[in-house]
Amino acid sequence: MPGPGRIAAGLLTDAARQLAFRFDGCELRGLAGDTLASALLANGRRLVGRSFKYHRPRGIVTGGPGEPCALVDVLGESGREPNQLATTLALREGLTAVSQNRWPSLALDVLAANDLLGRFLPAGFYYKTFMAPGWAWERIYEPLIRRAAGLGRLDARVGEHAAPAEIVHDHTDVLVVGAGSAGLAAAATLGAAGLRVLLAEQDIVLGGGTLLDPRWSGWRERACRNLADQASVRCLASTAVLGAYGHGVFGALETLGAGERARFGGLRERLRIVRARRVLFTCGATERLIAFPGNDVPGVMLAGAALGYLRRYGVGVGQRPVFFVNNDESYEAVLALSEAGVAVAAVVDPRPSALGATRARQAGIEVIAGAAVTGVRGRHGVRAVRVTAPHAAQREIEADSLLMSGGYTPATALACQLGARLEWQDAIAAFTADLPPSTGCSAGAARGIGGLAAAAADGAAAARRLATELGRPAPYPSDPDLPPDRAVTPLAPLWEVRAPGKAFVDLQNDVTADDVRLACREGYEHVEHMKRYTTCAMASDQGRSGGLVAAAVLAAARGVPLAEVGQVKPRPFAEPVPFAALAGGEVRAHYKPKRRLPLHEWHERAGATFVNTGLWLRPLVYSRSTGWDAVLEEARAVRRSVGVTDVSTLGKIDVQGPDAARFLDFVYANNFSTLALGRARYGIMLREDGMLLDDGTTSRLGPGHFLITTTTVNSAAALEHLEFHLQSVCRELDVVLTDVCDQWAQFAVAGPRAREVVAALVPDLDLSNPAFPFMGAAEARIAGIPGRLFRISFSGELAYELAVPAGSARAAWEAVLGAGQPYGIRPYGLDALNTLRIEKGHVTTAELNGNTSADDLGFRRMLKKSGDFIGRALSAREALGDANRLQLVGVRPVEGTGRLRNGMHLVVPGSGNASLGYITSSTPSTELAGWVGLALLAAGRQRIGTRLIGTSPIHGETTEVEIVSPHMLDPENARVRA
Amino acid sequence: MLRIPCPWCGTRDEIEFRYRGDAGVARPGPEAPLADFTAYVYGRTNPLGWHLEWWLHAGGCRKLLKVERHTLSHEIRWVGAPDQQPPPAAAS
Amino acid sequence: MSGPDSGITLATCPADIVELAAFRDRTADLEQLAAGELVTLAGSGGVAAQGGGITLSVRPGRWLALSPPAPPGASAARWHAAASGRCAVVDLSAALVVFYLTGPAVRELLARACRLDLDPGAFPAGRAAATMMVQVPAILAQLTPGTLLLTPATTAQHLRDWLVATAQPFGLAPAPAVALSELGGESST
Amino acid sequence: MPSPRPSAPASRPERTSSGRYSLWRLVREGLAGQRGWSRAWTKAVPRPRYRVVIVGGGGHGLATAYYLATRHGIRDVAVLERGPLGLGNVGRNTTIIRSNYFQPANVRFYEFSLKLWESLERTLNFNAMVSQRGTLNLFHTEAQRDLFTRRANLMRLEGVDAEALSREAVKALVPLVDLDNGRYPVLGGFLQARGGTVRHDAVAWGYARGASEAGVDIVEHCAVTGLRRDGGRVTGVETTQGFIAADSVCLAVAGYSSELARMAGLELPLETHVLQAFVTEGLKPLIDVVLTYGAGHFYINQSDKGGLVFGGAIDGYNTYGQRGTLPMVEEVTAAAVTLLPALARVKVLRQWGGVMDMTMDGSPIISNTPVAGLILNGGWCYGGFKAIPAGGFTTAHLIAHGTPHPLAAHLDLGRFAAGRTVDERGIGPFPWLH
Ligand SMILES: Cc1cc2nc3c(=O)[nH]c(=O)nc-3n(C[C@H](O)[C@H](O)[C@H](O)COP(=O)(O)OP(=O)(O)OC[C@H]3O[C@@H](n4cnc5c(N)ncnc54)[C@H](O)[C@@H]3O)c2cc1C
Ligand SMILES: NC(=O)c1ccc[n+]([C@@H]2O[C@H](COP(=O)([O-])OP(=O)(O)OC[C@H]3O[C@@H](n4cnc5c(N)ncnc54)[C@H](O)[C@@H]3O)[C@@H](O)[C@H]2O)c1
Ligand SMILES: Cc1cc2nc3c(=O)[nH]c(=O)nc-3n(C[C@H](O)[C@H](O)[C@H](O)COP(=O)(O)O)c2cc1C
Ligand SMILES: [Zn+2]
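Chains as they are written, first to last, in this note's numbering: chain A, 10 to 987; chain B, 3 to 94; chain C, 64 to 252; chain D, 51 to 484.
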């Protein structure tokens, strides 16, 4: 067997399959089934890392997810992954790990000097210095501190595509958290009652505490087999419940084994979102440390963890351990190790007598009762242990490891997240949590029940209660052969041994008992203040093994009972979780859906450059070249002859019903009941606060049938706004709203020759002005396709909008191009559309920015004089009439060469820097000389005709501009009516 | 995560809904003075406790729901249609 | 866990889709209309397949009527004529894309995006629901042979790409388009 | 958790001074076994009356007290904190300071705050680790670029630093950024180099120590349960430690503003919403600026301790629950992995929330109220940490003079009825959308 420490057969290890791995460069061997930690211990490795602040040598302290010290960086296919727990990291062939937080090497670490300076670096020292000179913090102190702080170093190798990740949604009657004896018994009971059960176990195997006691292997195997046979029960090993989120929702992280991982294309973890009617916490208890000088020296470990290493991996922690324990559970570890042939040097037990001690003595092990460990010799590893007993000289016992246990603290974090109250239990010197009954309950060690048999019984009992609550009274599966629990002597609380030297309460953040007392002395005496001042319990283990100890030290310093001090608030996540797992698959290229136009492929082939507008991909310009030339060519084609553009992204809402007109009158600031059949009208929607929400044309297709169009950007908001008001304020109205955006492809054909082009497509419609005037709307067969025709114009030219079912978009579009060919028709994109509308003084969301009122944009006359509508009342507020509000104006450079920019501010020449407003949209003009722009300007309308300075400091540009009417092109609207 | 029992669709995750704010405020009639509209738009009781609020089931049936929810425990004790009122038993 | 061999088949199902929405308290009119057209309207939250057509209801007072593809607008026009103002008729044939999923692993696949409880006990054949999947609207309708999935046309590719990618581990068999009539005439609910 | 309220001593504790902090003192104490340190602030027991009672021992309450005592010589002041001080939003925020705003009046207000931050350590003799590492806002559309250009230009006109960065410059500053990130490519960024972060807890402790030193009574575990009025005027506060009379009462209770205002019969234009934050395990230096994503709700910076601190948008429904939720985890981490794919394997450690007073226009309120003598400091939304120095400074001015400080005049309560709302992003009266 590889490694001197491998003294027995392990439950999880396969002695026949050796694996080679590297740690800090040296080749080592372990067994299949090992964790990195068990393999290192088997190889007699004690020193595995350096601590956060003092850079003290550190070893492996626990056997699971609560590990504070044995964090390593792993070098793998995805680069260098920091902060991996050696205690849960499954060993694999070729695994390469390096220790953290040391330079140049683990054995020799320069910053270990901090340890010698330790007396000058107490908790919170940095709040008291580094204050002058002011500039020095960012340049000198902070970089030093930041480099020293932090644990692992990230050096990720990022692929082109998102690494596989997935979120799975689960539903169950009862979520059972933890598969120890309590959880297994509970799941069996619930399953027997026919309830859907999800049993989540963080460990790679089910069993919990039963894995540590061979007498239980038979029971465990039967229990697992029985569960596997129950259709309504799902058992998930390697699945840690991360957080409890209320309404029966839990997050859980499933870590995939090699097989699943391969099947799911390299998927490493899977986030499960579980919805459960009830939860049963059988998540056991975590062992806690004891604070004594040197309790951080490599070789000092939790006793329960040592038992775990022996049973699970057949690894003996050290050849000559001393135990320092205050509870009988830990004697299981004492006896197991000695039975396995390990020479236990001695057991130090603060209690004068205990059943466990008697059993140990019978096994020929020395137990020093009523005693305490007051120190440890050895820096890179335990060499001897100092023991002080009353009326006895201090002893130094040669040893290579020190196995401690201060007792077990029920795992209450998840219960607390559900609002459980903590209750102090003297018997176990810890808090238990009592859940609001409607959510579920705890059982077994999780509520302080000692002993596997007792826990199993407790789990089954709790399960029966839940089953009854859920209306499925459970049968009584009598469990005859539970191995009996041994009688135990209660533990004697022991938190700290006061003696010279650093006694740690937080092994990762290097917080000592003295730091806690200092915090208290300085007034940081509330447990949450102490935490934040000392950083105790803020490390990656969240103070699992030391948090309560720190609280106890604080209680002693304050002279109040620990029950009064309480413990720091637990939060998700129960275990640190990779971003990738939380994010799931909707990242990077899949971050948001791509909303594609019915003609997306056509635009692509036509060489369009696309732009993101919300989810939409829209053709910006039919050219790959950025710059204005291509844009102006498209725009000029419209001004001179004819162009066609795809406006299918506009929101389209179908409105039907007897009260449709009344509804529109209420949601629009202008009138629609007066709109004639077959006509369209431009409308503005306000918010109740009087600001513009959206604008667009609405057409009347029937007496009780309208079609609303909204801006692309606001379409979702507008639909929601309408649905909300229809179902609340207007709920007496009989109206049906339907989003028909995806049903219709819509194209604008614009330009002096638009009529000829469209006429060719709609032979059976007379397009002459009298027959189909500006703002006409009609059902029509367009190139044989049943569709709709509107005579509306955003470009300021004679224009028609054609709507056809999206499935026929291609046919219609090509028909338009065909009909337009004689006139040199050109498709134009969003940029050209923008150029055209700016010249015309038409607004878009750049001007409808949520702070502009109808009056600001020159729509005052549109407001209904009579009748209520959304936004009417608050439009009357004094400040909305203020003449100094920002109003819409046009802007043109005085010099033909002057350039405008969006975001340019307008200031009075020579009178300082007070901004009077800013340019919202600008473009080179198709017909006017130079640039034109729209601006929102204080008292803008009064300033028309005056000159201001346009300034863009970040570009270092200024231009003299003239303020003009926003309608810079064809102000008398002759073209649209042509 | 909230799970909202939609009377039409059954209990659904919060992400399917769009919050629409306090359902305790009613829009004043056309003749009401400006002050009433100001209160309607800006005044909120914002209680720490039971709150009557609008949720639009945009990701489901697109119905507007009136929900009575506790703003600290997040318990939902009543869900109804816009024209319904929570039973007096529930009313706080 | 079903193995890769288990398989999922993904097909499109071309159909005309017309939304029939009752006006205020006039659901009766609509049922009358449907009866006239020899169509059974599914119950709320249900789907009913019958005589080559399918109706489903995921919004109170509204039904989606799926029928075999006809020339653009024809199906809607037919309903419109028949309804003559008794209810709102809206053509959504081009607005929604219909996918059809079959195979033992379909529920496992959908559980990776759909937040509904699709357990046969909770979502048996005959049930339909509107929800969200991978950030886009989705209407699920459970038929005995398989699952219908309706989704807006402009984001359908996003959902399709996801279905194809996520189905791989379960073994995806692409299938030719299926006709509505193949989806079992048997009526449910 | 059992109420950790310490058994109140019978007699009032002597006001102790924590003395001056300095490197030399650290050395002396190091040699003397750290015995010489005393409480940073005195744990006061309330007197029956004060000239000014400030409700809320958060950033703004403590800063207000500090400036009242040190700038206006008003020392007869008590800060009443329901729990232990500084565990509200000041103790749970993502610590970003900046002055890049769209409304001129806001730029001036937050810039004044930034100036106060720049000298805070020396003012307070307490190192709050003000770290001007820069705040970088990325943009992904032309429309966003125009908006940020408008803002940056305004800042420059107001004498505040702002610069536009190219894609390349963004990459150089934060190499982890995936410029093309598959969906919404980064087109560039806007940097305020003087923006940065501050060690949040230290802000509360530093102001508390300063105020206590200057004679203010800081009373913890004293919840205000009622506001006593006489006619239209406030006369004092009912508390869990009895009635305390006061000439003026200032509410600085953030998320609880409505609850307190209700005690005076007032309804405020705000709602309480939760904003969440997250932190990863400690890492060696990785990100040197405060970075905000423009195509989704996500921002991130690295604490001096090494944890990546990040957050997103508010949950979007009224709540007083200071807890995190799953949908927000998904939303924020998805944006994180999209913008910074290198973080994929970094482990998120903890998730929490804070409840904030979201106003109807997204801007704060520093104002007199219809109740004489009752002053409101609130409506801080998710941006009130950076405002603590200026908020305290201008609120102290308002209390001392009765009239608003010019820099905060636009933040009055009357603006809603009058239509003078200060809506940074034009969202409208929908707090859950701000
Ligand atoms: C997750 C998160 C991230 C944030 N990030 C930033 C950021 O990056 N930058 C930024 O500028 N801002 C940020 N903010 C906002 C900022 O934290 C707050 O706006 C600001 O701290 C609020 O002011 P405050 O410190 O006075 O509030 P708080 O610290 O909440 O103080 C209010 C105090 O009043 C007390 N109180 C309440 N009721 C009573 C009562 N009845 N009696 C006595 N006392 C009472 C509370 O206990 C609390 O201590 C963030 C907020 C959150 C939650
Ligand atoms: N080291 C030891 O000797 C030891 C340790 C624990 C329990 N025990 C004995 O077992 C008895 C009770 O057994 P039990 O079943 O109540 O507790 P248990 O410790 O046997 O089982 C609890 C299980 O819950 C799992 N778990 C914890 N948090 C989890 C999470 N967030 N998500 C998923 N799984 C999680 C643990 O991995 C463990 O397997 C105890 O009373 C004690 O006597 C002994
Ligand atoms: C800037 C910042 C950094 C933080 N860093 C850590 C950390 O390194 N470790 C940790 O456990 N918590 C960290 N926290 C979270 C706190 O532990 C705590 O969760 C938060 O202050 C909210 O308090 P509460 O969880 O007790 O309600 C940090 C919080 C903030 C605001
Ligand atoms: Zn619904």
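Backbone N, C-alpha and C define an ideal beta-carbon position, used for all residues, glycine too.
Asked	Found
CB contact check: Glu16 (chain B) to chain G, cutoff 8 Å	Annotation note: the requested chain G is absent from the structure, which comprises protein chains A, B, C and D.
Inter-residue Cα distance where the pair is Tyr677 (chain A) and Asp748 (chain A)	18 Å
Beta-carbon contacts of Val241 (chain C) that lie in its chain and below 6 Å, excluding the five residues immediately before and after	Ala74, Cys76 and Tyr163
Distance CB(Ala380 (chain A))-CB(Val396 (chain A)) smaller than 8 Å	yes
Neighbour flag for Pro54 (chain D) against chain B, beta carbons, 8 Å	Residue confidence for Pro54 (chain D) is low, a pLDDT of 43 falling below 50, so the modelled location carries little weight; the figure read from the coordinates is stated next. Closer than 8 Å: no.
Limits of the alpha helix (DSSP H) - the one that Ser138 (chain C) falls within	Ala137 to Ala146
Contacts around Pro67 (chain C), its chain only, beta-carbon distance under 8 Å, and the 5 residues preceding and following it disregarded	For Pro67 (chain C), the predicted structure reports a pLDDT of 43, less than 50, and the residue's modelled location is therefore unreliable. The matter cannot be settled from this model.
Chain-order list of residues whose beta-carbon lies under 8 Å from that of Leu943 (chain A) (same chain, five-residue window excluded)	Ile847, Gly850, Val852, Ala855, Glu856, Leu897, Val898, Gly899, Val900, Ile928, Thr929, Ser930, Ser931 and Pro975
Cβ-heavy atom distance, Gln205 (chain C) to ligand 3, below 7 Å	no
Straight-line gap, Leu181 (chain C) to Pro187 (chain C) (C-alpha atoms, nearest Å)	8 Å
Cross-strand partners of Gly116 (chain C) (DSSP beta bridge)	C:Gln113
Where the beta strand (DSSP E) through Val916 (chain A) begins and ends	His914 to Val916
Ser298 (chain D), DSSP secondary structure in three states	strand
Trp10 (chain B) CB to nearest heavy atom of ligand 4 below 7 Å	yes
CB contact check: Ser94 (chain B) to chain D, cutoff 8 Å	Here Ser94 (chain B) scores only 46 on pLDDT, less than 50, and its place in the model should not be relied on; the value that follows carries that caveat. It does not; no Cβ of chain D falls within 8 Å.
Within chain D, the residues that His180 (chain A) reaches when beta carbons sit closer than 9 Å	Those do not exist, as His180 (chain A) stays about 15 Å from chain D at its closest Cβ, beyond 9 Å.
Secondary structure, alpha helix (DSSP H): runs of 4+ residues fully inside the region 590-659 of chain A	609-614 and 637-649
Which listed residue (A:Arg162, A:Trp146 and A:Pro77) has its alpha carbon closest to that of Trp112 (chain A)	A:Arg162
Beta carbon of Ala83 (chain B) nearer than 8 Å to that of Pro32 (chain B)	no
Cα-Cα separation between Pro319 (chain D) and Arg46 (chain B), rounded to whole angstroms	6 Å
Nearest-angstrom beta carbon gap, Val586 (chain A) and Leu262 (chain A) [assumed within contact, 8 Å]	6 Å
Any non-hydrogen atom of ligand 3 closer than 7 Å to Glu151 (chain A) Cβ	no
Range of the contiguous beta strand (DSSP E) that encloses Pro237 (chain C)	Leu235 to Pro237
Member of D:Asp267, D:Ala128 and D:Met410 whose CA lies at the smallest distance from the CA of Thr322 (chain D)	D:Met410
Extent of the continuous alpha helix (DSSP H) to which Glu263 (chain D) belongs	His250 to Glu263
Three-state secondary structure (DSSP) of Arg55 (chain D)	At Arg55 (chain D), the pLDDT of 45 sits below 50, so the modelled position is not reliable; the number obtained from the coordinates is stated separately. Arg55 (chain D) falls in the coil class under three-state DSSP.
Lys65 (chain B) Cβ short of 7 Å to ligand 4 heavy atom set	yes
Residues bridged to Pro587 (chain A) (per DSSP)	D:Lys397
Residue-chain proximity (Ser884 (chain A), chain B), Cβ-Cβ < 8 Å	no
Any non-hydrogen atom of ligand 1 within 7 Å of Gly433 (chain D) CB	yes
Residues of the region 148-178 of chain C with Cβ closer than 7 Å to any Cβ of chain A, in chain order	Ala151, Val153, Asp154, Leu155, Ser156, Ala157, Ala158, Ala174, Arg175, Cys177 and Arg178
Closer than 8 Å to chain A by CB, Arg470 (chain D)	yes
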